[in-house]
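Asks: If you number the sequence shown the way our numbering does, the last residue is 395 and the count never jumps.
The C-beta atom is built at its ideal place from N, Cα and C for all residues, glycine as well.
Below: one structure in structure tokens.
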Amino acid sequence: MRLSDFYFELPDDLIARHPLAERRGSRLLCLDGPSGSIAHRQFIDLLSYLRPGDLMVFNNTRVIPARLFGRKASGGALEVLVERVLDEYRVLAHVRSSKSPKPGSQILIDGGAEAEMVARHDALFELRFAEPVLPLLQRVGHMPLPPYIDRPDEDADRERYQTVYAKREGAVAAPTAGLHFDQPLLDAIAELGVETAEVTLHVGAGTFQPVRVEKIEDHVMHQEWLEVSPEVVAAVQACKARGGRVVAVGTTSVRSLESAARDGELKPFSGDTDIFLYPGRPFHVVDALVTNFHLPESTLLMLVSAFAGYPEAMAAYRAAVAEKYRFFSYGDAMFITRNPAPTGPEVSS
């Protein structure tokens, strides 16, 4: 499979740079994988696509204000983007500066904080802060908006670039499919008789890294930490036993569940995943998916193409562009029913 198979033209004015006034105010493109049929709805219409006995699985990660600005003690300006919190004082981070800081050098953070560059691990820098990391980030950090939201973060982003059910701190990017849910909608889903469960996957900045190989099978995925608890495994098993569907909210929930079922059987799992789901890769757990619209040539578009079928997914994206849906993190959403016999680009070309 070629990277260019997953390219599509996206007008710049379809990139959503601000959230809508209401979380549930977005549109919903509904794609039936088995038939390829497409319907244009509002997000609140998701309720009509859910059934009593279904299980919705949410990612409860919480975005931390992971972007810091400052300077080296020698004077050069820099920007720090925390990728992973290692312990109370240490992080792995991306550091942008004219010259990379050397081990032992001091970093002065705007707002009054200090860190030492301890070591370099490939593209990431291990930093040790002089005070506990998470309170420091809440005090002086900025919300790490994605590169395509090309504006400074605002106070409102602290709430809106966060799901209403976020609990476990550690993500540096939001599980954006969840941004459409408010508490009244979650209550309405429960009243329908739909069960819910929560996994945790701390989304890393690597989710925005472009694929740099032409043959996608050669792409090496970044690693992210996740946890699928025994309670989630039991909830999935009970759902399947009663004939319900497992509905994943977001690609991160899909990656969590499918990582924990890599050998075909869902088991409790806690640790790093580098799972890469593209056409031809199987899905063992998830039956339906709520997701936003993803970047051209991205691993997330490849996941959607594996789930819905490549021709079906790309047709849906063409329809979304034609109908002027809003794209990416603050954009509109899709509801996709899994295609049990998906084809890839080789078959459809």
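For Phe89, which of Tyr376, Val279, His226 has the nearest alpha-carbon?
Replies: Considering only alpha carbons, the answer is His226.
Asks: Could you name the residues of the same chain whose beta carbon sits closer than 8 Å to that of Gly122, not counting the 5 residues immediately before and after it, in chain order?
Replies: Correct list, in chain order: Ser143, Ser144, Lys145.
Asks: What are the complete beta strand (DSSP E) segments, minimum 3 residues, inside the region 284-334?
Replies: Those beta strand (DSSP E) runs which fall completely within the region 284-334 and span 3+ residues are 292-295, 315-319.
Asks: Which value, in whole angstroms, describes the spacing of the CA atoms of Val331 and Arg87?
Replies: Straight-line Cα distance between these residues: approximately 26 Å.
Asks: Where Pro357 and Phe339 are concerned, what is the direct C-alpha to C-alpha distance, given to the nearest angstrom?
Replies: Their backbone Cα atoms lie some 16 Å apart in a straight line.
Asks: Can you list, in chain order, the residues of its chain whose CB lies under 6 Å from that of Arg136, leaving out five sequence neighbours each side?
Replies: Excluding sequence neighbours, Arg136 sits near Arg174.
Asks: Quick check on DSSP: helix, strand or coil for Glu260?
Replies: If DSSP states are grouped into helix, strand and coil, Glu260 belongs with coil.
Asks: Using CA atoms only, rank isn't needed, just tell me which of Asp199, Thr298, Glu270, Gly296 is closest to Gly317.
Replies: Among Asp199, Thr298, Glu270, Gly296, the Cα nearest to that of Gly317 is on Glu270.
Asks: Closest to Thr297 by CA distance: which of Gln283, Glu205, Leu346, Ser305 is it?
Replies: The option with the nearest alpha carbon to Thr297 is Leu346.
Asks: Give me whichever residues DSSP pairs with Thr246 in a beta bridge.
Replies: Answer by DSSP bridge pairing, in chain order: Glu273.
Asks: Count the other C-beta atoms from every protein chain shown that fall within 10 angstroms of the C-beta of Ser94, then say buried if there are 16 or more, exposed otherwise.
Replies: Answer is exposed; the Cβ neighbour count stays below 16.
Asks: In chain order, what residues of the same chain have a beta carbon less than 6 Å from the beta carbon of Ala161, not counting five sequence neighbours either side?
Replies: Excluding positions up to five away in sequence, the list reads Ile153, Leu173, Phe175.
Asks: In this structure, what does DSSP give as the bridge partners for Asp91?
Replies: Looking at the DSSP assignment, Asp91 forms no beta bridge with any residue, so it has no partner.
Asks: Are Ile382 and Ala354 close, meaning C-beta to C-beta below 8 Å?
Replies: Yes, these two residues count as a Cβ contact at 8 Å.
Asks: Would the beta-carbon of Arg449 fall within 8 Å of that of Arg97?
Replies: Beyond the ends of the chain as shown, which are 47 and 395, falls residue 449; an answer cannot be given.
Asks: How big is the Cα-Cα spacing for Ser395 and Leu349?
Replies: Because the pLDDT of Ser395 is 48, which lies under 50, any placement of that residue in the model is unreliable, and the question is left without a value.
Asks: When you compare each of Arg197, Asp333, Glu215 to Ile110 by their alpha carbons, which one comes out closest?
Replies: The shortest Cα separation from Ile110 among Arg197, Asp333, Glu215 belongs to Glu215.
Asks: Taking the alpha-carbon positions, what's the Leu56 to Leu132 distance?
Replies: If I take the Cα positions, the gap works out to 37 Å.
Asks: Residues in its own chain within less than 6 Å of Gly82 by CB, not counting five upstream and five downstream?
Replies: Around Gly82: Glu358.
Asks: Give me whichever residues DSSP pairs with Phe104 in a beta bridge.
Replies: Note: Phe104 sits in a beta bridge opposite Glu244.
Asks: Could you compute how far the alpha carbon of Thr236 sits from the alpha carbon of Glu260?
Replies: It should be pointed out that residue 236 corresponds to Ala in this sequence rather than to Thr. Rounded to whole angstroms, Ala236 to Glu260 spans 44 Å at the Cα level.
Asks: I'd like the list of long-range same chain contacts for Ala243, defined as Cβ closer than 8 Å, with 5 residues on each side in sequence excluded.
Replies: Only Leu101, Met102, Val103, Phe104, Glu277, Val278, Ala281, Val282 meet the Cβ criterion.
Asks: Give a single yes or no on whether Gly187 has its beta carbon closer than 7 Å to a heavy atom of the ligand SAM.
Replies: This structure lacks the ligand SAM, and indeed carries no ligand of any kind.
Asks: Which residue's Cα is closest to the Cα of Leu124: Met380, Ser305, Val141?
Replies: Among Met380, Ser305, Val141, the Cα nearest to that of Leu124 is on Val141.
Asks: Suppose you measure from the CA of Glu68 to the CA of Leu232; what does that come to, to the nearest Å?
Replies: If you take the alpha carbons of Glu68 and Leu232, they lie about 14 Å apart.
Asks: Report yes if the CB atom of Pro391 is closer than 8 Å to the CB atom of Pro342, and no otherwise.
Replies: Their beta carbons are not under 8 Å apart, which means Pro391 does not touch Pro342 by this criterion.
Asks: Is it a yes or a no for the region 47-54 touching the region 195-202, going by three-plus beta-carbon pairs under 8 Å?
Replies: No, the region 47-54 does not touch the region 195-202.
Asks: State the DSSP-derived secondary structure class of Val128, mapped to helix, strand or coil.
Replies: Looking at Val128 - three-state DSSP - the assignment turns out to be strand.
Asks: Could you please give the first and the last residue of the uninterrupted beta strand (DSSP E) stretch that includes Asp78?
Replies: 73-78 is the span of the beta strand (DSSP E), which, as asked, contains Asp78.
Asks: Anyone know if the C-beta pair for Gly187 and Leu247 falls short of 8 Å?
Replies: No.
Asks: In the DSSP output, which residue or residues are listed as bridge partners for Val336?
Replies: Partner(s): Val295, Phe381.
Asks: Can you check DSSP and say which residues form a bridge with Ala217?
Replies: Answer is Val109, bridged to Ala217.
Asks: Where does Arg364 sit, in a helix, a strand or coil, going by DSSP?
Replies: It is helical.
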